[in-house]
Each structure stands twice: as structure tokens, then as C-alpha cells.
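Residue numbering for the sequence shown is 5 to 159, as defined by our numbering. Have a look at the structure below, then the notes.
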Amino acid sequence: MFGAKLLFLAAAAVAAVAVPDPFAGRWKMIPAKSNYVAGGTPQEQIATMSVEGDNLRVIVDAITPDGARTHVSYTVPYDGGVGRMDADSSPTYNGITGRHIGYREREISRLKDGKVLFTARTVLAPDGKSMTVYSEGVSPAGKQMKATAYYDKLD
């Protein structure tokens with residue numbers, strides 16, 4: 005009986021580790037479904053998220069309403085905390101914090117010299133095929149923005 009319990013606990017631990025992060029993958033913002041109250045709707049925006057060790061890696065490439073390209077990339081501890089902006093990321097930010105609120109919800113704050121400039125809360129749909137991002141603050145292009153952006157999962 006003890007051996008069976010031990011085997012069950014070991015199998016449960018392996019299954020817990022094997023569960024992929026629901027945010028992992030490539031996501032495309034759908035302009036027609038998104039609502040940008042301030043700052044204008046980007047022509048295109050692709051977010052790529054992956055788990056790398058104990059970190060969540062995020063890369064967001066976009067084309068602004070006026071055609072300029074922006075790039076934001078960073079890692080944050082998977083369990084939450086202070087992360088690191090990549091050297092090739094938008095100069096608008098030099099710091100990042102993030103945390104999971106639940107299995108289908110997370111939030112981040114992008115900072116410049118310790119001051120929060122941008123916040124975003126991301127909610128994954130129950131089917132895992134779309135997500136909604138509620139954000140406001142200073143965009144990677146350095147402009148004020150406030151939006152509810154809708155994304156579809158590409159892969």
C-alpha cells in the first residue's frame with residue numbers, strides 16, 4: 005500500500021511539472037476586436053511567450069499606427085518578482101515586474117528608473133485560444149495609451 009501511494013505521488017509530481025504554461029505560444033493582436041481609447045491601435049502586434057527555466061520570456065513586436073516598429077523583450081521570474089529587460093528592448097523602459105494572479109491571469113509593470121510607466125493585466129479565455137490584455141501608461145513608442153486588446157493564439 006505504501007508503495008502504491010508513493011508511486012501515485014511521484015506520478016502526480018511529474019504530471020504537475022509536465023503541464024505547459026497556458027500563455028506559452030505566439031499571439032496576434034486583432035485590431036478589429038481591440039479598443040484603444042488613447043494612443044491609436046497598432047497596425048500589427050505579435051507577442052511570443054515561453055517558459056525558460058524559472059522564467060517567463062516575453063517578446064512583443066509591433067507596428068505603431070504611424071508605421072514605426074517597436075520591440076519589447078524581457079524575462080520575469082515565473083513565480084513573480086523583478087525581471088530583466090533585454091538590451092535590445094525599447095529604451096522607454098529599463099525595468100519589469102510580473103506575477104501570475106491565477107492559472108489564466110497575469111500582470112506586469114514596465115518601469116523607467118524605478119517608476120511604473122506601463123501596466124498590463126492579461127486574461128486567458130477558458131479555451132486557451134484567445135486572451136485579452138487591459139493596459140495603460142506609456143507605450144514602447146513613448147506615447148500615452150490605454151487599451152483593451154484582443155489576441156488570438158497562432159500556435
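Every residue gets a Cβ at the ideal spot worked out from N, C-alpha and C, and that includes glycine.
Closest Cα partner of residue i within the set the options
| i | options | result |
| --- | --- | --- |
| Asp58 | Val80, Ala151 and Tyr154 | Val80 |
| Thr96 | Lys157, Lys119 and Pro130 | Lys119 |
| Pro35 | Ala91, Val76 and Pro69 | Pro69 |
| Ser113 | Asn98, Gly106 and Tyr107 | Asn98 |
| Asp92 | Ser143, Gly43, Ile63 and Gln49 | Ile63 |
| Pro24 | Glu48, Ser54 and Ile50 | Ser54 |
| Phe27 | Ser143, Glu56 and Ala66 | Glu56 |
Integer Cβ distance of residue i from residue j, believed to fall under 8 Å
| i | j | result |
| --- | --- | --- |
| Ala153 | Ser38 | 4 Å |
| Tyr40 | Met149 | 7 Å |
Beta-carbon spacing of residue i, residue j below 8 Å
| i | j | result |
| --- | --- | --- |
| Gly84 | His104 | yes |
| Leu158 | Arg30 | yes |
| Ala129 | Val137 | no |
| Ser139 | Tyr155 | no |
Reduced DSSP category for residue i - H, G, I as helix; E, B as strand; rest coil
| i | result |
| --- | --- |
| Pro81 | strand |
| Tyr154 | strand |
| Lys37 | helix |
Sheet register partners of residue i (DSSP bridge)
| i | result |
| --- | --- |
| Ile63 | Thr52 and Ser77 |
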